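A quick write-up on the structure given underneath.
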Amino acid sequence: MFKRPSRRIKSRREDLKLDLTSVMDGIFTLVFFLLMYASFIKMFEISNDVPIISNKEPPDTKIKPLALTIRVVDDAVEVATGLPSTVVSVIRNLPEGEIDFEKLHEFLVQLKSKYPHENLAIIEPNGDLDYENLVKLMDTAQELRKTDLEIFVKDNKGNQVRAEKLFSEIIIGNIQS
Amino acid sequence: MPSKKSIRNRGMKTKVKTIHLEMTSLLDIITILLAFLLQSYNNSGVIIDVPKGIEIPKSSSKELNNFGVQVQVSPTTIWVDQKVIYDINNTANVNIYDQDRLRIIPLYNELVQKKMYSEQIRKATPAGVEFSGVVNLIMDKSLKFNYIKKVLHTLAEAGYKKYKFVVMSDQY
Chain A
458 MFKRPSRRIK SRREDLKLDL TSVMDGIFTL VFFLLMYASF IKMFEISNDV
508 PIISNKEPPD TKIKPLALTI RVVDDAVEVA TGLPSTVVSV IRNLPEGEID
558 FEKLHEFLVQ LKSKYPHENL AIIEPNGDLD YENLVKLMDT AQELRKTDLE
608 IFVKDNKGNQ VRAEKLFSEI IIGNIQS
Chain B
266 MPSKKSIRNR GMKTKVKTIH LEMTSLLDII TILLAFLLQS YNNSGVIIDV
316 PKGIEIPKSS SKELNNFGVQ VQVSPTTIWV DQKVIYDINN TANVNIYDQD
366 RLRIIPLYNE LVQKKMYSEQ IRKATPAGVE FSGVVNLIMD KSLKFNYIKK
416 VLHTLAEAGY KKYKFVVMSD QY
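Just so you know, the sequences run in chain order A and B.
Okay, so the first sequence: first residue is 458 according to our numbering, each after it adds one.
Okay, so the second sequence: first residue is 266 according to our numbering, each after it adds one.
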């Protein structure tokens, strides 16, 4: 015969419940803060400085400046260097009439590999160039892609580091005329 | 009046049960939302206002925006900090240029006023920040350089030396 069951109440194991109220409060505050500062369309900028015309004598240095100028003409892009400016390459537009940005980029990478310390590029667009192509031109002059030739420059501590940009300082040259 | 309660339960207090909400799924959603919002968080803190009629070009630039006066230019209208200063529909026959048709007078006047206002604030407040000369340019991608040149020339004339072309990221 079975033993009569005990009448004592068995101690039940209570479920552990975490008190998440304060965590939820924190998360909700964070969600509202992030919603306020969220930008669903990512916007960035391309910096540009006003060209300054100076009457002073240029600094007497042994290193000749590259003085890179990218000039947009009717059916091509001219790349000029040196003082006085000499055209070193003419990149013809594509048959559709668009600027051959790839070819221009390749040439600028070659130029940068020869003058790794140079960061300045002057862009001289013609009047008919639209803003979209002007931005593309600035991108072409600035962007150093991962697939491009590795170019090393010295950082502030004198260490050799990979250059992140081709020509980081862009100036639009012909705004005064 | 006699109570309907059984005499056996008379001494026992009625316990109010604690309700525990099941929050696992809610927490899942909030975590996903949090990850999404963190990803689209605007690090620069600058709010760029793009008026109707302006389509910003795409770029591979990753430079964060800076605080400055916002100049918005569409083919028909020019705004400075969201205030319309020139509208071709309202001022079609008025000459707005000077200096060999390079300077846009209403834009110049507004920018000079902004600069003066900024200088006044700097003088009036002990920890006033110096005029930065930064201008955020929000321009339509179809604008020709002939027109952009005039805008840039006007900005330079008004004392704004740092142009920031606002562009849209080409990556999502």
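Each residue gets a CB set at the ideal place from its N, CA and C atoms; glycine is no exception.
Remember, predicted model here, so these are calculated numbers, not experimental data.
query                                                                                                                     : result
Continuous beta strand (DSSP E) assignments of at least 3 residues falling wholly in the region 354-407 of chain B        : 399-404
From B:Pro371, B:Leu299 and B:Arg366, residue whose alpha carbon lies closest to that of Gly483 of chain A                : B:Leu299
Contact with chain A by Lys427 of chain B, beta-carbon distance below 8 Å                                                 : yes
Cutoff 8 Å; reference Val334 of chain B; Cβ partners in own chain excluding five residues on either side                  : Val345, Asp346, Leu376, Lys379, Val399, Val400, Asn401 and Tyr425
CB contact check: Tyr373 of chain B to chain A, cutoff 8 Å                                                                : no
Contact set for Lys323 of chain B: own chain, Cβ-Cβ below 8 Å, skip 5 residues either direction                           : Val432, Met433, Ser434 and Asp435
Residue(s) in a DSSP beta bridge with Tyr428 of chain B                                                                   : A:Asn505 and B:Val400
8 Å Cβ shell around Ser570 of chain A - same chain, five flanking residues per side excluded                              : Leu606 and Ile608
One or two residues paired with Ile580 of chain A in a DSSP bridge                                                        : A:Ile527 and A:Ile629
Leu376 of chain B at chain A interface by Cβ criterion, 8 Å                                                               : no
Cβ-Cβ distance between Pro582 of chain A and Phe410 of chain B below 8 Å                                                  : yes
Nearest to Ala598 of chain A (by Cα), restricted to the options A:Gly584, A:Lys611 and A:Asp557                           : A:Asp557
Neighbour flag for Ser504 of chain A against chain B, beta carbons, 8 Å                                                   : yes
At least three beta-carbon pairs within less than 8 Å, the region 479-496 of chain A to the region 293-313 of chain B     : yes
Continuous beta strand (DSSP E) stretch holding Ser546 of chain A: start and end                                          : Thr543 to Arg549
Sequence-distant residues of the same chain with beta carbon closer than 7 Å to Asn354 of chain B, five excluded per side : Thr341
For Ala537 of chain A, the three-state DSSP class (helix, strand or coil)                                                 : strand
DSSP state of Glu589 of chain A mapped onto helix, strand, coil                                                           : helix
Against chain B: residues of the region 595-609 of chain A by CB proximity under 8 Å                                      : Met595, Asp596, Gln599 and Glu600
From A:Glu535, A:Val534 and A:Thr543, residue whose alpha carbon lies closest to that of Leu523 of chain A                : A:Thr543
Contact set for Ile321 of chain B: own chain, Cβ-Cβ below 7 Å, skip 5 residues either direction                           : Val315, Ile403, Lys406, Val431, Val432 and Met433
For Ile498 of chain A, the three-state DSSP class (helix, strand or coil)                                                 : coil
Expected contact under 8 Å - CB spacing of Leu623 of chain A and Leu601 of chain A to nearest Å                           : 5 Å
Run of the alpha helix (DSSP H) containing Asp352 of chain B, from where it starts to where it stops                      : No alpha helix (DSSP H) holds Asp352 of chain B; the beta strand (DSSP E) holding it covers Lys348 to Asp352.
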